[in-house]
Amino acid sequence: MGHKKEIPLPHLEVLEKNQEKPMPCAVPGCLKLAECRAPLSPERIYEYQWFCREHARAFNEAWNYFSGKSPGEIEEHIRKDTIGDRPTRTYNLPPGMERIWRNKILRDFSLGGQEGEAPVFGKQAALPKEVRDALVVFGYTAFPGKEALRIRFRALVKEHHPDRHGGSPQSEENIKKINHAWQILKNFMG
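Residue 22 in this note's numbering sits at position 22 of the sequence shown, and the numbers go up by one each step.
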């Protein structure tokens, strides 16, 4: 088997040296044994001072990594921390290229992507397009379950029934769409 190459970490070497010999707490006048390490300052976090437990607790309560930093510096730190403190670069795509890439990626991974079609993710991606369209007729974007669909179907039929609207052609068209969507969903649910 190969031997892993050890990476030198100077701040840990200092820590190990300091742990070899017992030392008193860094607080003047305290004679207790120092058991806990703490950074010297936010700028020197790999250099340590040693405290007894009582003074380490007090130090930790008062510690504020961001003290003395401007809101801009804090925001910059958060932004860098979000990306692992590594530089990022923009793609600088030509106009319209972002849309082309997005649609290609969505198509290649079977997530939609044609013009005017919203991408479908997660469990919805597994549903056939006609089932997704039927769910839209019922006012859903995700599959709510059989009982919820049954209740919604009954409510839509009552709301759009032609007898309630004096036999209007629009309500007849609506009830046809609702019934067609219900048949698709019933067949899908089995």
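From the three backbone atoms N, C-alpha and C, an ideal C-beta is built for every residue, glycine too.
- Minimum Cα-Cα distance from Lys158 among the listed residues Cys36, Thr88, Glu172, Gly72 corresponds to Glu172.
- Per DSSP, Ile45 lies in no alpha helix (DSSP H) segment; the continuous beta strand (DSSP E) that holds it begins and ends at 44-51.
- If you look at Arg37, you'll find it in the beta strand (DSSP E) that goes 36-41.
- Non-local C-beta neighbours of Leu33 in its own chain, meaning closer than 8 Å and more than five positions away in sequence, comprise Pro22, Met23, Pro24, Cys25, Cys52, ordered along the chain.
- Secondary structure note for Ala148: its alpha helix (DSSP H) is the uninterrupted segment 146-160.
- A distance below 7 Å between beta-carbons, with the five flanking residues on each side excluded, links Ala155 to no residue of its chain.
- Judged by DSSP secondary structure, Ala181 falls within the alpha helix (DSSP H) whose first and last residues are 169-189.
- Assigned with DSSP and collapsed to three states, Leu135 falls in helix.
- Burial is judged here by how many other beta carbons sit within 10 angstroms of a residue's own beta carbon; Ile105 has fewer than 16 and is exposed.
- Between Ile184 and Val136, the C-beta spacing is not below 8 Å.
- Bridge partners of Pro24 according to DSSP: Leu33.
- Phe143 and His165 have their C-alpha atoms spaced approximately 30 Å apart.
- By the criterion of a C-beta distance shorter than 6 Å, Asp85 is surrounded by no residue of its chain, once the five residues flanking it on both sides are discounted.
- Straight-line measurement puts the Cα of Ile175 at about 16 Å from the Cα of Lys186.
- Around the C-beta of Leu149, 16 or more other C-beta atoms lie within 10 Å, and the residue is accordingly described as buried.
- Going by DSSP, Asp81 is part of the alpha helix (DSSP H) stretching over 71-82.
- For Phe138, the closest C-alpha among the options Trp182, Lys129, Glu147 is that of Trp182.
- At a Cβ-Cβ threshold of 8 Å, Lys146 and Met97 do not count as neighbours.
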